[in-house]
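Engineer:
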Amino acid sequence: MSIVSKVTVPPYGHRQGFVPRKPENFGDGGAFPEIHMAQHPLNMGLNKQQTSNALQLQMDASGKPKFDAIVKQNVKGSKIVYSKFTDLLPIEVREDDPSLQKPSEDDLKEKTEKTRQALEKMIATKVSAALPVQHAERQAPVQYIRYTPSQQGAGFNAGAKQRIIQMVEVQKDPMEPPRFKINKKIPRGPPSPPAPIMHSPTRKVTVKEQQDWKIPPCISNWKNAKGFTIPLDKRLAADGRGLQSTAINENFAKLAEALYTADLKAREAVDMRAKVETTLAKKQKEEKEARLRDLANHARTDRAGIRNADKKDEEGMERDQIRQERHKERQRQSALQRAGPDKRNRPKERDISEQIALGVPNAGASGAQFDARLFNMQSVRIILFKLHKREYYLPFLFKGIGRGFGDDDDYRVYDQPWGSSTTVASQIYKPSKSAKDTLGDTEALITATKRFEPDRGFKGSDRTTTREGPVQFQQTEEEDPFGLSGFLKEARHGVAPTTTTSSSSKRSTQDEREGHGGDKRRKR
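With the working numbering applied, the sequence shown corresponds to residues 493 to 1016, in that order.
1. Pick helix, strand or coil for Met667, following the three-state DSSP scheme.
2. Measuring only the C-alpha atoms, how far is Gln531 from Gly509?
3. What is the residue span of the alpha helix (DSSP H) that Tyr639 lies within?
4. Would you tell me roughly how many angstroms separate the C-alpha atoms of Glu587 and Val697, rounded to the nearest one?
5. Could you name the residues of the same chain whose beta carbon sits closer than 7 Å to that of Asp552, not counting the 5 residues immediately before and after it, in chain order?
6. Are Tyr636 and Arg655 touching if we call contact CB-CB under 7 Å?
7. Looking only at its own chain, which residues have a Cβ that is under 7 Å from the Cβ of Ala988, when we skip the five neighbours before and after it?
8. Could you please give the first and the last residue of the uninterrupted beta strand (DSSP E) stretch that includes Ile657?
9. Just curious, the alpha helix (DSSP H) that Leu611 is in, first and last residue?
10. Measuring only the C-alpha atoms, how far is Asn675 from Lys618?
11. Excluding five sequence neighbours on each side, which residues of the same chain lie with their C-beta closer than 8 Å to the C-beta of Asn535?
12. Where does Met809 sit, in a helix, a strand or coil, going by DSSP?
13. What do you reckon, are the CB atoms on Gln626 and Glu661 nearer than 7 Å?
14. Looking at C-alpha atoms only, which residue of Ile527, Ala523 and Gly519 is the closest neighbour of Arg507?
15. Determine, using beta carbons only, whether Pro533 and Gly519 come nearer to each other than 7 Å.
16. Mind checking which residues open and close the alpha helix (DSSP H) that includes Glu781?
17. Tell me whether Pro590 sits in a helix, a strand or coil according to DSSP, three-state version.
18. Contact check, Lys664 vs Ala628 under 8 Å by CB: the rounded distance?
19. Pull the bridge partners of Met551 from the DSSP assignment, please.
20. Note down the Cα distance separating Ile722 from Ala729, rounded to an integer number of angstroms.
21. Roughly how many angstroms separate the alpha carbons of Leu549 and Pro708, rounded to a whole number?
22. Do you know offhand how far Pro688's Cα is from Ser575's?
23. Return yes when the Cβ of Val563 is within less than 7 Å of the Cβ of Pro679, no when it is not.
24. Find the nearest neighbour of Asn545 within the set Ser554, Met529 and Gln565, judged by alpha-carbon distance.
25. Starting from Ala730 and walking both ways along the alpha helix (DSSP H), at which residues does that stretch end?
26. Give me the Cβ distance between Leu580 and Met690, rounded to the nearest whole Å; I'm assuming they're in contact under 8 Å.
27. Taking Pro633 as the reference, give the member of Gln658, Phe648 and Ser642 with the closest Cα.
28. How many whole angstroms separate the CB atoms of Met529 and Val511, which I take to be in contact at a CB cut-off of 8 Å?
29. Tell me whether Val499 is buried or exposed, calling it buried when 16 or more other Cβ atoms sit within 10 Å of its Cβ.
30. Buried or exposed, going by whether 16 or more other CB atoms sit within 10 Å of the CB of Gln702?
31. Can you name, in chain order, every residue of its own chain whose Cβ lies under 6 Å from the Cβ of Ala561, other than the five neighbours on each side?
32. I need the straight-line Cα distance from Lys571 to Pro683, nearest angstrom please.
33. Would Ala748 pass as an interface residue toward chain D - the criterion being a Cβ-Cβ separation below 7 Å?
34. Please tell me whether Ile711 and Arg727 are closer than 7 Å, where the distance is taken between their beta carbons.
Structure representation (structure tokens):
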């Protein structure tokens, strides 16, 4: 069983001294008008707020409670408090982060203007405070405020629905002393909270760590009043040499490497020098043996009476001859390249002297042509000769034994001349007489007369002899054809050249030049 206490409300007229304090004292009713005191039926009108030092639980954006609210209590909002583990982690900085971009020109101008105005205001305030006579401050502009009361009606606000209020700043007396003391010492605010220290979990200390933490006693190197025997290891431990790491300069390694490299190079140089000296000694020995061998051969040949030709001289002459032949061939090829196409297409590229020597005067003759010199021959043999490591193929004509080659004491290889001048020259330089030729006798009659013969011929010419070949000219050899030696001699001795010359001397000089030029042209 439970006992329930029932609160009875005294009836009307008997409520003197009754104080209703609980909602039950009102009996589901209102306040008692005859009781003059503060009554709160149903707890109406009571102040429910209670003072407490407990912080309200706050949540972050992710819905988790903010446990760092205790640390940030009574701290300005501009102060940064690091209270999370994420504050210790490095922040990934991106290049496109807008917070790291440089401000624009407009932002710079705006910030600069605000800074300038703030500095001017601070300076003006300090300057004006230091002046003995201060000027009256400029009043703020008048402000007009439209006021509309919440209670509308004829009994409120003199029946007006709205009012215009003029706000004017109170005029300040510049000579008025300060009303308040501003040099009162104000206690400083709370310092910044300490940085969070992240401790590693506790672990058992090892023996090595205990030994590392053991500090040896200080032992003096100069004083030992008690006369103790201190071992060297204790002195070194007290000195602290073992705790210092010895740093060796890297130049020692470079020096050692350089010395090792220099030693290797020196050894290689000595070996190479020894090899070169051995090679030179061997070469000198071989040259000496070859010289002695040549001397012995010369002495042996001199004693036997045999004289051998010097191989070096013969080889040099042979090389010079080959060099000259190649030089002539190159000159001939260059001359043919400079010549016209008619000379290039000439058969066998032979000039008239070569055709005469070869006996080929009539190149346009038809029919088969044979060399008559080879008709009565038995055989033609080509013999190979080897001279100074070179091979030469030379053709030789041999007669049979029945025909007879020649006399035994005859050393001539050819039995007739190479080119017959009577046949070749007569065909080229003399016209052939035939039945159709009507100018043969006429030419003979013309040449028989002395009409075209000069009274006095050239010096050294002989017209009695008949010419059987081409005209050959010989150029007179003169030491100074242009008179340079005489001109230099006159210039050296200072003899003035004659300005006037006779017509005969000029003519003779011109004739001589023309004669020399003609000789040169004919020779070409």
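Positions of the beta carbon are idealized from the N, C-alpha and C atoms, including for glycine. No experiment lies behind these values; they were computed from the predicted model shown.
Structural biologist: Concretely, from the data shown:
1. If DSSP states are grouped into helix, strand and coil, Met667 belongs with coil.
2. 14 Å
3. Note, Tyr639: premise wrong, no alpha helix (DSSP H); beta strand (DSSP E) at Gln635 to Tyr639.
4. 46 Å
5. Lys558
6. In this structure, Arg655 does not lie closer than 7 Å to Tyr636 by Cβ.
7. Any reading at Ala988 needs caution, since the residue's pLDDT is 48, under 50, leaving its predicted position unreliable; the model's value is listed next. Answer for Ala988: no residue qualifies.
8. Arg655 to Met659
9. For Leu611, the enclosing alpha helix (DSSP H) has its first and last residue at Glu597 to Ala622.
10. 16 Å
11. Pro515
12. helix
13. no
14. Ile527
15. No, Cβ-Cβ distance for Pro533 and Gly519 is not below 7 Å.
16. Glu742 to Ala796
17. helix
18. 7 Å
19. Met551 is bridged to Pro557.
20. 11 Å
21. 55 Å
22. 7 Å
23. no
24. Gln565
25. Leu724 to Asp731
26. 7 Å
27. If we check each option's Cα against that of Pro633, Gln658 comes out closest.
28. 7 Å
29. Exposed: under 16 other Cβ atoms inside 10 Å.
30. exposed
31. Leu547 and Gln550
32. 11 Å
33. Of the chains in the structure shown, none is chain D; there is only one protein chain.
34. yes
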